[in-house]
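Shown next, in structure tokens, is the structure this report addresses.
Numbering (my numbering), first residue to last: 69 to 263.
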């Protein structure tokens, strides 16, 4: 009886490992199946061309997501399988359907893997913050800085930078122009700073 249970367990484990190996191989070599090389060059060049943020953005992002700027997408996926989700910075980019020539359910994962490999976490965060909608007509982090704090990016305090990074997660929930949103933001920030 024990041998039968052990064999069943080994069989199930080997099937799971084969699936993960197959997914990893597809992930690492499948970008050409969802994007043409010309489109890859265009999309990754636009990410690379995003203006760099002040250093305080990277420092505060590390408080929200420790090692998120250095973590690769493969490590991020493995952390989800282990039950402790630790996203990489390239997951902040919205993988728009227009990026892909052939869309399938693995296309965003392939895109995130390639973005991490080709441009890195800092550039992904730079690009994502330039494109995110911060609500109330503020498109991008520079507009949000002016809208909510009446300052340019370089003169923001660490607390204000942290506010913007948290707002990026859910701009309507953490809306600074609403009393309830400001309270939620302060609670989330206090929880982060206690860590």
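The beta-carbon is built from N, C-alpha and C at its ideal position, and this holds for glycine as well.
I believe residue i touches residue j by the beta-carbon criterion, under 8 angstroms. Please report the beta-carbon distance rounded to the nearest angstrom.
i, j, result
"residue 209", "residue 232", "6 angstroms"
"residue 116", "residue 191", "6 angstroms"
"residue 194", "residue 121", "5 angstroms"
"residue 245", "residue 204", "6 angstroms"
Given a cut-off of 9 angstroms on the beta-carbon distance, is the pair residue i and residue j in contact?
i, j, result
"residue 202", "residue 103", "no"
"residue 197", "residue 234", "no"
"residue 253", "residue 242", "yes"
"residue 174", "residue 94", "yes"
Whole angstroms are fine: how far does the CA of residue j sit from the CA of residue i?
i, j, result
"residue 106", "residue 89", "28 angstroms"
"residue 119", "residue 72", "60 angstroms"
"residue 98", "residue 186", "14 angstroms"
"residue 134", "residue 76", "38 angstroms"
"residue 108", "residue 92", "20 angstroms"
"residue 129", "residue 165", "27 angstroms"
I'd like the span of the alpha helix (DSSP H) that includes residue i, first residue to last.
i, result
"residue 130", "123-132"
"residue 244", "Note, residue 244: premise wrong, no alpha helix (DSSP H); not H, not E."
"residue 195", "189-199"
Taking contact to mean 3 or more Cβ pairs, one atom from each stretch, closer than 8 angstroms, check whether the region 171-180 and the region 214-227 are in contact.
no
Does the region 137-147 come close enough to the region 155-168 that 3 or more CB-CB pairs lie under 8 angstroms?
yes
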